[in-house]
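**Q** Read left to right, the sequence shown gives residues 295 to 373 (our numbering). Where a beta carbon is used, it is the ideal one built from N, C-alpha and C, also for glycine. Source: prediction; values computed, not measured.
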Amino acid sequence: MADQKPALVLHLATGGEPLMFALPIDSSDKLGEKLSELVKAGGVESVVTKDNSTVTINFAHVAVAYVDDLNRKKVFGLN
Numbered sequence: 295m296a297d298q299k300p301a302l303v304l305h306l307a308t309g310g311e312p313l314m315f316a317l318p319i320d321s322s323d324k325l326g327e328k329l330s331e332l333v334k335a336g337g338v339e340s341v342v343t344k345d346n347s348t349v350t351i352n353f354a355h356v357a358v359a360y361v362d363d364l365n366r367k368k369v370f371g372l373n
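Here is the structure:
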């Protein structure tokens, strides 16, 4: 089994390529649980990345946000 490589994936409302931030495994689940409310409310959240950098995200500019494992290919609508 390959090591997990969780990442925060952000699709901005203005379009363009998604932004991806590698996450520590231990914090990715907790962040994933909060994303729905952050996007709905347009909240601002600081996120610590895998390399211990901090990024602050204004979710008012985000159309879609999710945590995904970069080791797998994601096809929406299929499990």
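Give a yes or no on whether the C-beta atoms belonging to leucine 317 and lysine 344 are separated by under 7 Å.
**A** Yes. Within cutoff.
**Q** Per DSSP, which residues does alanine 316 bridge with? Please list them.
**A** For alanine 316, which the question treats as bridged, DSSP gives the partners Ala301.
**Q** For valine 338 and glycine 309, I'd like the C-alpha separation in whole angstroms.
**A** One C-alpha to the other measures close to 19 Å.
**Q** Would you tell me roughly how many angstroms separate the C-alpha atoms of valine 390 and isoleucine 351, rounded to the nearest one?
**A** Because the chain spans 295 through 373 in this model, residue 390 falls outside it and cannot be assessed.
**Q** Judging by CA-CA distance, which residue of Ile319, Asn365 and Leu313 is the nearest neighbour of histidine 305?
**A** With distances taken between Cα atoms, histidine 305 lies closest to Leu313.
**Q** Buried or exposed: which applies to alanine 335, given that a residue is buried once 16 or more other Cβ atoms fall within 10 Å of its Cβ?
**A** With fewer than 16 Cβ atoms within 10 Å of its Cβ, alanine 335 is classed as exposed.
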